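What the first sequence shows, in our numbering, is residues 176 to 589, in sequence order.
Beneath this line is the structure, given in structure tokens, with notes to follow.
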Amino acid sequence: MADIKKVATGKKKNALDILKERGFIEQTVYEDDLYKLLGSESVPFYAGFDPTADSLHIGHYIPVMAMAHLQRAGHKPYVLIGGGTAMVGDPSYRTDMRQMMSRETINHNVEAFKKQLSRFISFSGEGAAKLVNNADWLLSLNYIDFLRDIGVYFSVNKMLTAECFRSRMEKGLSFLEFNYMLMQGYDFLVLNQRHGIKLQIGGNDQWANILAGADLIRRKEQQDAFAMTFKLLLNSDGSKMGKTAKGALWLDAEKTPPFEFYQYFRNVEDAKVGECMRLLTFMELSEIAELTRHMDERMNAAKERLAYEVTLLVHGQAAADEAQARTKAAFSGGGGELPAEAVKASPDIPVAEFLVTIGQAASRGEAKRLIEGGGITIDGSKVTDIAAKVSDMTAETEFILQKGKKFRAKYKLI
RNA sequence: GGAUGGAUGCCCGAGCGGCCAAAGGGAGCAGACUGUACAUCUGCCGACUCACGUCUACGGUGGUUCGAAUCCACCUCCAUCCA
């Protein structure tokens, strides 16, 4: 990982160039002016996060990395927690209305966010990042004042042309949700007035909302305000990257164990490895180019590196090392280094039932189907009889069980 | 407030009295091919049972019927049109 201070004090490169060459940028406004601004002074900027869960997930990763790059280039990050807006729910690109949240839940989530964010951006020292919560100004808003001071600047006609609302016109959109754009625009205005923030960044799905704020500042305050949105990580079939069977890929070790997290990146498709490295790690571009030069099995080395780097950033060195070691043990044969998991069961337990016990099958029926499909191997020999007991397969009480190609673990019966 | 249409398995979606644990697609899991990739192909895909089979499921509650996801009544929620 690059040293923050060294980068910050070294010969400064324009942050926009850094983000551009790594492939972050999707859209900007007044790009030339923004470029000059970023090149001439330390610019306070912000990105908003909805505290709708108690962990960030991979979808937040890119804006967070962008914040880190900007901070390293000498700009000052503000993390806006949407404690107030979360009580409304962002309608953007959603087919259903979101659940509204209580203040307690939101506060709990904010704490969790800060902890995770501090791995990427610094909350102390010079240019420290700051956390702000829009509940602080949104909750005390007076409706009439808001309509008069802010409402006048918004054209409903214009709002309706925004893609995020248009797609909702068929399904239905409540007035509550319709106001989300005004509130988010207001956030930008407040932050501009209080902290001199001139730039909002975010995912491209936030483009309309970010623009609303920048426009509001330009019209109401006659001041420059800029917007920047980032690419979304997509699989080559166009689906969002980071979806797993269990839902999102979380940055929280409890929700997505580091090993699983590591494996996700170990398995990204070849074509996306370079992109992931540029967007999700601080690796040098030249090194990335070198590692991803060959589109064949040499790609595996690049994927190992990617998985390691990303896990290191998110979970720290110990977790990254462990994930790597477990991977070696599980996939490079052997198994001596695999830690054995103790399971309370007799050697006479049927294999099918054992699979259910260890959580590798949801029901005995599924376990039997797995065996019928030839997916289960114990100590190297395939289980072929659905009624087989563990003791039929091995005389040992400690053995290696494989399910398919990707699951391999050692168990000890007690 | 009125009229009409709708609610089906993890998701989308067909079924419209017995042949329905419910077509088709997606997701998922396993197998083949590989490089722990992508794409492709094959199988599986409610629970329990070795199995015959049994149970639980088509928004909710009742009803008609030998038999209901399918018909009827009421309720809940959603959409469209009219006011």
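Note that beta-carbon positions come from the ideal geometry of N, C-alpha and C, so glycine has one too.
Quick caveat, the model's predicted, so the values are computed rather than measured.
For P514, there is no enclosing beta strand (DSSP E), as DSSP marks it with neither H nor E.
Fully contained in the stretch 495-583 are the following beta strand (DSSP E) runs of length 3 or more, in chain order: 515-518, 551-553 and 573-578. Within the same chain, Cβ atoms closer than 6 Å to the Cβ of T552 are found at Q577, the five residues on either side in sequence being excluded.
Contact check for A222 and I376: beta-carbon distance about 5 Å, within the 8 Å limit, so the pair qualifies. Where P219 is concerned, the enclosing beta strand (DSSP E) starts and stops at P219 to F224.
F506 counts as exposed, since fewer than 16 other C-beta atoms from the protein chains shown sit within 10 angstroms of its C-beta. Counting of Cβ neighbours within 10 angstroms places L335 among the exposed residues, the total staying below 16.
Exclusion of the five residues before and after Q535 leaves K578 and F582 as the residues of its chain whose Cβ lies within less than 7 Å of its Cβ.
Our two residues, V307 and L364, have alpha carbons roughly 14 Å apart in a direct line. Shown here for V558: same chain residues with a beta carbon closer than 8 Å to its own, the five before and five after excluded, namely V526, I546, I551, T552 and M568 in chain order. Only residues of its own chain outside the window of five on either side were considered, and among them D445 have a CB closer than 7 Å to the CB of M470, listed in chain order. With a contact defined as Cβ atoms closer than 8 Å, I256 and F224 qualify at about 6 Å. M242 and A570 have their C-alpha atoms some 56 Å from each other. With contacts defined by Cβ atoms closer than 8 Å, V565 and F529 form a contacting pair. Only residues of its own chain outside the window of five on either side were considered, and among them L209, Y210 and L213 have a CB closer than 7 Å to the CB of L191, listed in chain order.
The DSSP assignment places 460-466 as complete runs of the alpha helix (DSSP H) inside the stretch 453-484, in order along the chain (cut-off: 4 residues). Here F405 carries a strand assignment [DSSP, helix/strand/coil]. Per DSSP, K373 lies in no beta strand (DSSP E) and is assigned neither H nor E. Apart from the 5 residues on each side of it in sequence, A515 sits with its Cβ closer than 8 Å to the Cβ of E573, K585, Y586 and K587 in its chain, given in chain order. For V239, the enclosing alpha helix (DSSP H) stretches over residues I233 to R247.
Between R480 and L466, the gap from beta carbon to beta carbon is short of 8 Å. Per DSSP, the unbroken beta strand (DSSP E) holding P252 starts and ends at K251 to I256.
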